[in-house]
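K.L.:
Protein chains in written order, with our numbering: chain A, 36 to 264; chain B, 36 to 264.
Structure follows, in structure tokens:
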């Protein structure tokens with residue numbers, strides 16, 4: 036009977052993580068796989084994708100993942116996640132653009148430009164998220180998230196204090212990403228349109244400064260509220 | 036004996052609040068006056084400055100303040116605070132520039148551009164703080180702070196949950212402002228160089244979105260940290 040069938044908060048989907056060879060992509064793969072989603076790891080070569088899957092199997096034997104070229108991964112994923120360094124954001128997106136139409140792209144890109152990673156250096160478009168949305172056009176629902184989360188913590192089986200600011204032009208897409216944030220064990224917040232990705236992207240350099248200058252590790256942000264008295 | 040003399044964490048100074056006619060300026064005046072500092076309220080006309088002081092006396096009878104024209108206030112203050120709307124930031128600073136040499140300017144400006152105050156719209160310089168520093172030159176130590184704090188809460192005798200990100204190029208100036216943040220009852224953090232003011236300025240629009248879209252009032256941010264496990 037329908038009423039007795041266990042229903043999940045969100046459908047289990049196939050999630051393609053482009054650049055899933057880094058710490059952040061690996062951490063998200065582990066957490067979303069645990070939540071029941073199917074994971075595809077995309078990379079620029081089949082060898083690198085395979086190496087990432089092998090690495091993932093070593094640090095998390097219970098996380099199955101399929102290695103693919105980025106373009107194939109973008110085609111295969113119901114939802115696509117971009118976790119490449121800032122310098123590769125545009126070239127990676129150009130290579131997968133046609134496969135993203137009608138989909139949500141979760142862009143985790145932070146515009147850190149070495150050596151001054153502790154200094155905010157937003158791109159001329161205002162943010163990496165805005166740059167992705169302009170490049171991909173309105174057919175793709177770009178949503179940015181996870182820029183402030185310590186990648187190492189994502190890979191560990193711990194509660195993460197840091198909240199996630201979720202920016203994007205379509206509320207329905209932000210809602211879906213907030214569900215995915217929660218399935219990864221974090222709290223997500225509607226941060227507004229894609230322009231507002233600037234806040235989370237800039238915050239990453241601020242958190243780097245705080246880690247340097249205060250007696251605190253893996254600093255993050257928590258959204259708090261309070262009533263008038 | 037010197038060792039028995041009570042010493043305060045910071046010297047009591049004269050603080051000139053330019054645009055101290057608004058909620059934020061009033062709130063800071065109340066809290067810093069309580070901490071022992073002398074308050075000057077600056078405005079564009081002597082009448083407006085007097086009206087602000089009268090208003091302050093009404094909501095906080097124990098907060099003495101001296102009304103002055105902005106230029107005189109900037110001269111008289113050991114530390115100068117700018118709390119005018121974004122549209123008046125440049126013209127106000129141009130009028131007081133010569134009085135600020137060698138001083139700390141605490142710039143609270145948030146680049147909110149109506150009607151889309153929930154959308155991040157940072158200026159071409161990258162942030163209002165950077166714009167102030169470029170305009171004033173290196174002789175003035177611009178430090179930005181308080182952009183994310185609900186002005187109404189500052190005026191009330193309550194603990195404020197929201198932390199304060201303190202950006203500026205000189206560490207000694209940020210240290211001083213962090214002391215003043217703490218004297219106002221809040222927690223301040225070294226956010227890095229003036230470019231990093233972009234994070235706090237952009238966050239204000241994000242917090243406006245969160246107030247709209249989540250069941251939370253006066254949302255703010257708290258910096259949290261955690262160790263590896």
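Quick reminder that beta carbons are idealized off the backbone N, C-alpha and C, glycines included.
1. Would a C-beta distance cut-off of 9 Å place residue 190 of chain B and residue 94 of chain B closer than the cut-off?
2. Name, please, each residue of chain A whose Cβ falls closer than 7 Å to the Cβ of residue 141 of chain B.
3. Give the range of the alpha helix (DSSP H) segment to which residue 142 of chain A is assigned.
4. In the DSSP assignment, what are the bridge partners of residue 232 of chain A?
5. Relative to the C-alpha of residue 73 of chain B, which residue among B/97, B/80, B/123 is closest?
6. In chain E, which residues lie less than 7 Å from residue 248 of chain B when you measure between Cβ atoms?
7. On the CB-based measure, 16 or more other CB atoms within 10 Å of its CB, does residue 249 of chain A come out buried or exposed?
8. With 16 as the cutoff for other CB atoms within 10 Å, does residue 137 of chain B come out buried or exposed?
9. Does residue 256 of chain B get closer than 9 Å to chain A when you measure Cβ to Cβ?
10. So residue 148 of chain B contacts chain A; which residues on that side make the cut at Cβ distance below 9 Å?
11. Helix, strand or coil for residue 40 of chain A, going by three-state DSSP, please let me know.
12. Do residue 161 of chain B and residue 177 of chain B count as a contact pair if the criterion is CB distance below 9 Å?
13. Which whole-angstrom value describes the C-beta separation of residue 197 of chain A and residue 216 of chain A, a residue pair presumed to lie in contact below a C-beta threshold of 8 Å?
14. Figure out for me which residue from B/261, B/211, B/133 has the closest Cα to the Cα of residue 174 of chain B.
15. Could you give the distance in angstroms between the alpha-carbon of residue 213 of chain B and the alpha-carbon of residue 221 of chain B?
16. Measure from the C-beta of residue 130 of chain A to each C-beta in chain B and report whether the shortest distance is under 9 Å.
17. For residue 189 of chain A, decide whether its Cβ has a neighbour in chain B, counting only Cβ atoms nearer than 9 Å.
18. Just the chain B side, please: which residues come within less than 9 Å of residue 154 of chain A by C-beta, in chain order?
19. Once you ignore the five residues that flank residue 47 of chain B on each side, which residues in its own chain have a CB closer than 6 Å to its CB?
20. Using three-state DSSP, classify residue 19 of chain A as helix, strand or coil.
P.N.:
According to the structure shown:
1. Yes. Within cutoff.
2. Counting only Cβ-Cβ distances below 7 Å, residue 141 of chain B has no contacts in chain A at all, with the closest Cβ about 18 Å away.
3. Counting along the chain, residue 142 of chain A falls outside any alpha helix (DSSP H), though it belongs to the beta strand (DSSP E) covering 139-142.
4. Partner(s): none; residue 232 of chain A has no beta bridge.
5. Comparing alpha-carbon positions, the option among B/97, B/80, B/123 lying closest to residue 73 of chain B turns out to be B/97.
6. Of the protein chains in this structure, namely A and B, none is chain E.
7. Label assigned to residue 249 of chain A: exposed.
8. With a threshold of 16 other beta carbon atoms within 10 Å, residue 137 of chain B falls short and is exposed.
9. Residue 256 of chain B counts as touching chain A.
10. What residue 148 of chain B touches in chain A, judged by beta-carbon distance under 9 Å, is nothing: the nearest beta carbon there is about 11 Å away.
11. Residue confidence for residue 40 of chain A is low, a pLDDT of 39 falling below 50, so the modelled location carries little weight and cannot support an answer.
12. No, they are not a contact pair.
13. In fact, because the Cβ distance is near 11 Å, the residues do not count as touching under 8 Å.
14. For residue 174 of chain B, the nearest C-alpha among the options comes from B/133.
15. C-alpha separation (whole angstroms): 9 Å.
16. With respect to chain B, the C-beta atom of residue 130 of chain A has no partner C-beta closer than 9 Å.
17. For residue 189 of chain A, the answer is no, since every Cβ of chain B falls outside 9 Å of its Cβ.
18. Neighbours of residue 154 of chain A on chain B, chain order: 227, 228, 230, 231.
19. If you ignore the 5 residues before and after residue 47 of chain B, its C-beta comes within less than 6 Å of the C-beta of 71, 72, all in its own chain and listed in chain order.
20. Any property of residue 19 of chain A remains undetermined from this structure, which presents chain A solely from 36 to 264.
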